[in-house]
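Engineer:
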Amino acid sequence: MSTHVTGIIGAMDSEVAKLLEVMTEKETHVIQGITYHRGMLEGVPVVVTRSGVGKVNAAVCTQLLIDRFGVNAVIFTGVAGALHPDLDIGDIVISTDCQQHDIDASVLGFPRGTVPFQEVSVFPADETLIERAKQAGESIEGVTVATGRVLSGDQFISDPAKVKELREMFDGACVEMEGAAVAHVCHLAGVPYVVIRSMSDRADHSANVNFVEFTELAAERSCAIVRGMLAAAPRQE
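Here the sequence shown is numbered in the working numbering, starting from 1 and rising by one per residue.
(1) By DSSP, does residue 15 sit in helix, in strand, or in coil?
(2) What does the alpha-carbon distance come out to for the pair residue 185 and residue 36?
(3) Short check: CB of residue 84 to CB of residue 172, under 9 angstroms?
(4) So, do the stretch 158-176 and the stretch 136-144 have three or more beta carbon pairs nearer to each other than 8 angstroms?
(5) Under a three-way DSSP split, which group does residue 97 fall into?
(6) In whole angstroms, what separates the C-alpha of residue 19 from that of residue 66?
(7) Going by Cα to Cα distance, which pick from 190, 175 and 130 is closest to residue 160?
(8) Name the DSSP beta bridge partners of residue 198, please?
(9) In the DSSP assignment, find the alpha helix (DSSP H) that holds residue 62 and state where it starts and stops.
(10) Mind checking whether residue 217 and residue 90 have CB atoms under 9 angstroms apart?
(11) Do three or more CB pairs link the stretch 57-71 to the stretch 115-123 at distances below 8 angstroms?
(12) In the DSSP assignment, the beta strand (DSSP E) including residue 40 goes from what residue to what residue?
(13) Which value, in whole angstroms, describes the spacing of the CA atoms of residue 188 and residue 100?
(14) DSSP three-state label for residue 231, please.
(15) Where DSSP assigns a beta bridge to residue 30, which residues make up the other side?
(16) Excluding the five sequence neighbours on either side, which residues of its own chain have a C-beta within less than 6 angstroms of the C-beta of residue 214, listed in chain order?
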């Protein structure tokens, strides 16, 4: 039986640093400027990496995880801005699916958010990974865990009018800059994925202030969920 390897991606150093602190048997590989850390976490073989910010960085990073390291599942962890009015700073969103909000070929007759001439533009997350993430999140005291659509675009959203538009047009729970690119690559490769986002801001006029202040807390909670997922996972799949 082949070893199941889980790829874990964060967009920023703070989002992977806490995982690297507790990894064992680490070895480092640098490919196309991206540093990949292979090792063990909670007794599970993993490859942890920082993608960098934005959809292109996330897509390249994910494809290399699949091609070079043969990962069988991908978890993307990090922070996001809340779109759903019930979400507050520190709450966790686990992706039911992901969609790019900034792709727009509406002049050609395609709905916004649709990748032209492609059958799938909303990429479903893996049900088993969703359930593991929910259970791990709900075991953390004082944390509210929700599931919903994660929207991604190469924009930092801080305009309440834009928040309202994204919420109404795409039914998004939260918005960030990488998840849908990871989801797109995983969909094409047939690799299960889930995105776990901790709310660092409300994606409004205060977002730039809140983002810096709450990123550390958000990273801690995301890390705890990833570790909980791995601890509950079968050793071989």
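C-beta atoms are modelled at their ideal positions from N, C-alpha and C, and glycine is treated no differently.
Structural biologist: Let me spell this out:
(1) helix
(2) 18 angstroms
(3) Going by beta carbons, residue 84 and residue 172 fall inside the 9 angstroms limit.
(4) no
(5) strand
(6) 20 angstroms
(7) 175
(8) 79 and 92
(9) 55-69
(10) Taking 9 angstroms as the cut-off, the beta carbon of residue 217 is found closer than this to the beta carbon of residue 90.
(11) no
(12) 34-41
(13) 15 angstroms
(14) Look at residue 231 here: in three-state DSSP terms it is helix.
(15) 35
(16) 89 and 200
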